[in-house]
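Chains as they are written, first to last, in our numbering: chain A, 807 to 1015; chain B, 807 to 1015; chain C, 807 to 1015; chain D, 807 to 1015.
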DNA sequence: CATGAATGAGTCTTCATTCAT
DNA sequence: GATGAATGAAGACTCATTCAT
């Protein structure tokens, strides 16, 4: 069955098929993290995977399909790691702290994957030059943060946020987290604990009443 | 005389030479901003400049040279716009406010250039896969912010910052500013005034004693 | 036992084997007729047959073997449809009329198969670039027509034909019939009755004394 | 200037550009005639032209553009050879004779080109599997023949033709001529004079009153 | 100075074929 | 018998770079 028509339909995939795809995606992540998006050709990826170039084409409709998968898998792993930790918190303040902590922990433990996702996402444009993922990002990434802010405001713990100011706040938090990834790329011996503590303090202060 | 040996030595360039280079750099910026780093081939750039592909090769040692120039020119323009405004301020608090304000203003007025620089910098790696600009970034971009923070701390206006916490603070401020660019790419009708106000408030609170 | 050694030896084939081959050949015909010779990969054919690509390789020595089979089966079906109708005629004039009529009828009823055969035959070359089927064509396709012409000449019904002129006549008749197929491909609503009548008239006149 | 936007706009082409294109088109013709449409890759063509593969891509937007050019150039050469000869004739009967004669002569003198055109045209399909050139063919190739037939009928020299019967007649004439090309491919020592004479006789009889 | 032309390495993709299960 | 998986060669096309004019 061709992958052309249902590239992401995992329901009908055999176990071995899923394993292969996962392996290839992992190699793609490794490759992008190591040599960068621009240099990460299918040839480079297949070389690292010790497979023939054709295997990738066999399991993925095209390069875009493979690259998308990197983002999709990452998002799912991220989601299932972060969400329960947040939900376990009672106060918005704790939620925000845990959001920052868990994100940084997740990033540290999945360095290469995060790097690869960032490269893929930031290089992804539609044929008319517009960015893809733009609208997705707001709904799936920012909204949860904004919800925490709104909750904190309603409970009287956080300062007052308008629509627009909670959006800027959420963006800044997210940018701080994403920026941490880049910092981690440059300095692999970064003290994550400390970085986390500082960010928590910073946003604790900036959200306080 | 070929540019091979002295690609960035502007001293010996004739006026016409400089003009040509500037024109090409501008077209490169335009091109990258419009269609993205990956699609911005020398062919595309020369097409937008209405010149032959060879001209670029004549004036720049290679593509990398051209791309670097985008970052260099941007940094210089940025520097000469921001620096005097900061220096005109008396208190660290005002400096920080002006830093944020002037950066956002500068970005809004140079959208395409900023976008291009971000694409170039984030895709630039050395042949062994490491990021270039990494060390530059700390000294030229972060240090000035850290200096403001240190000053504010010494004057007793800002809270206490350790080496590491002022670094995280500076990074977060910078990430907020850079992130604003991306937001501006996605939503061109963004209210810059408002965004600026929110960021100033946010970092005012987070640096306060 | 692999088909490698006796790809066309139908004697030793089991019933199921024959059925499978027939099914695959039919799908190949369908595919070529629909998307053209160049696009008709084994993948496309197997997709239409709802079988795996490997099955084709299992039942046919190679792609060429499968393609040849299309021509062979067609020729046999054509032969057994046409021959008895011709033989049932008494006069050469009637034979010619029936030849034309029966060919056009056969073509109309086997559109896809004819199209596929034409595509296969016209794209088939030996490794040194020469056409295959070239010599076959003369003996199996043209000779029967020439025989009718000779007969008609001997009986004094047709005009005089030399070796060479009966060959040209036969070729022209055959070209008219094959050309009808192409016309049918372009205009599926062609009035076959009418087309037949015109051709019969045309060649009736051109063979008359 | 990219060939993408104006692949066939010959007005703006320099002399040297036209020469190169012509040379490449000629090599493409040679290649297709020799090894067939399916085997005629850009690599094969460039090899025969003793140029790098990239040169073809430089001068033609894509393979289709090159292949189309073969047909276009042929049609123009054919047109300018045939048309004046026909127009010089006074009676429809002579026109038909000259049409057949000049076509066969032209084909003999441009064997390879004709072969290439036939292969290109017969393999050309749109993305949905339909033939291209189909509608063109009727207007540019068949109409002129039909006009001769109509004229002959009006002058009382030819037998009566309805819309549909003149179409079939024209098709048959054209098929005879195109079929001659295939015959010439198979038997290069064909006596063209004789073939021509036979065809003229054949269609003379079949159009007579 | 500028250009058009050419190159050749490299990109993604397709495909006939093989093979272990 | 049948299949999914894998291969590797070949395909068209892109592009940074070089060079003669």
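Even for Gly, the Cβ is constructed at its ideal location relative to N, Cα and C.
Quantities reported herein were computed from a predicted structural model and do not represent experimental measurements.
- Query: When DSSP builds the beta bridges, which residues end up paired with residue 931(A)?
  - Reply: Per DSSP, the beta-bridge partners of residue 931(A) are 937(A).
- For residue 1015(D), write down the residues that DSSP places opposite it in a beta bridge. Bridge partners of residue 1015(D): none, in fact.
- Item | Neighbour-count burial assignment, residue 814(B), 16 or more Cβ in a 10 Å radius | At residue 814(B), the pLDDT of 45 sits below 50, so the modelled position is not reliable and the matter cannot be decided from this model.
- Query: For residue 841(B), which residues in chain A fall below 8 Å Cβ to Cβ?
  - Reply: 931 and 935
- Task: Could you check which residue in 993(D), 828(D) and 932(D) has the C-alpha nearest to that of residue 878(D)?
- Result: 828(D)
- Query: In the DSSP assignment, what residue or residues form a beta bridge with residue 767(C)?
  - Reply: Shown here, chain C extends from 807 to 1015; a query on residue 767(C) therefore has no answer.
- Item | Within chain D, partners of residue 1001(C) - CB distance below 7 Å | 974
- Task: Please name the residue, chosen from 908(D), 881(D) and 845(D), that lies closest to residue 894(D) on a Cα-to-Cα basis.
- Result: 908(D)
- Item | Proximity below 7 Å, CB of residue 859(C) to CB of residue 848(C) | yes
- Within 7 Å (strictly less), CB to CB, does residue 813(A) reach chain B? A caution first: residue 813(A) carries a pLDDT of 41, below 50, which makes its placement in the model too unreliable to give a value.
- Message: Can you give me the C-alpha to C-alpha distance between residue 966(B) and residue 1013(B), rounded to a whole angstrom?
- Response: Straight-line Cα distance between these residues: approximately 9 Å.
- Using DSSP with H/G/I as helix, E/B as strand and the rest coil, what is residue 824(B)? helix
- Can you tell me whether DSSP reads residue 859(D) as helix, strand or coil? helix
- Message: For residue 901(B), which residues in the same chain have their Cβ closer than 7 Å to its Cβ, ignoring the five residues on either side in sequence?
- Response: 892, 895 and 954
- Query: Does the Cβ of residue 824(B) have 16 or more other Cβ atoms within 10 Å, making it buried, or fewer, making it exposed?
  - Reply: With fewer than 16 other Cβ atoms inside 10 Å of its own Cβ, residue 824(B) counts as exposed.
- Should residue 907(D) be flagged as near chain C, meaning a C-beta pair shorter than 7 Å? no
- Task: Reducing DSSP to helix, strand and coil, say where residue 986(D) ends up.
- Result: In the structure shown, residue 986(D) sits in a helix (DSSP, three-state: H, G or I).
- Query: Are the region 914 to 933 of chain C and the region 968 to 978 of chain C touching, with three or more C-beta to C-beta distances below 8 Å?
  - Reply: no
- Query: Can you tell me whether residue 928(D) is buried or exposed, with buried defined as 16 or more other CB within 10 angstroms of its CB?
  - Reply: Buried, by the Cβ-count rule.
- Residue-chain proximity (residue 849(D), chain C), Cβ-Cβ < 7 Å: With a threshold of 7 Å between beta carbons, residue 849(D) makes no contact with chain C.
- Can residue 963(B) and residue 899(B) be called in contact, C-beta distance under 7 Å? yes
- Query: So, residue 852(B) versus residue 841(B), is the Cβ gap smaller than 7 Å?
  - Reply: no
- Candidates 992(D), 889(D) and 875(D), of which the one nearest residue 833(D) by Cα: 875(D)
- Message: For residue 911(D) and residue 836(D), what's the separation of their Cα atoms in angstroms?
- Response: 19 Å
- Query: What's the call for residue 978(A), buried or exposed, on a 16-neighbour Cβ count within 10 Å?
  - Reply: buried
- Task: Reducing DSSP to helix, strand and coil, say where residue 819(A) ends up.
- Result: Coil, per DSSP.
- Message: Just to check my reading of the structure: residue 991(B) and residue 937(A) have Cβ atoms closer than 8 Å, yes? What is that Cβ distance to the nearest angstrom?
- Response: 7 Å
- Query: Hey, would you say residue 906(A) sits closer than 7 Å to residue 1005(A), going by beta carbons?
  - Reply: yes
- Message: So, with DSSP's three-state summary, where would you put residue 1005(D)?
- Response: helix
- What are the boundary residues of the alpha helix (DSSP H) that residue 881(D) is part of? Taken as a continuous stretch (DSSP letters only), the alpha helix (DSSP H) holding residue 881(D) covers 869 to 893.
- Message: So, at 8 Å on beta carbons, what are the nonlocal neighbours of residue 980(C) in its own chain, with the 5 sequence-adjacent residues on each side left out?
- Response: 947, 948 and 951
- Query: Between 822(C), 904(C) and 838(C), which lies nearest to residue 1009(C) when the distance is taken from Cα to Cα?
  - Reply: 904(C)
- Any idea what DSSP makes of residue 844(C), helix, strand or coil? coil
- Could one say the Cβ of residue 868(A) lies closer than 7 Å to chain B's Cβ atoms, at least one of them? no
- Report buried or exposed for residue 925(A), applying the criterion of at least 16 other Cβ atoms within 10 angstroms of its Cβ. buried
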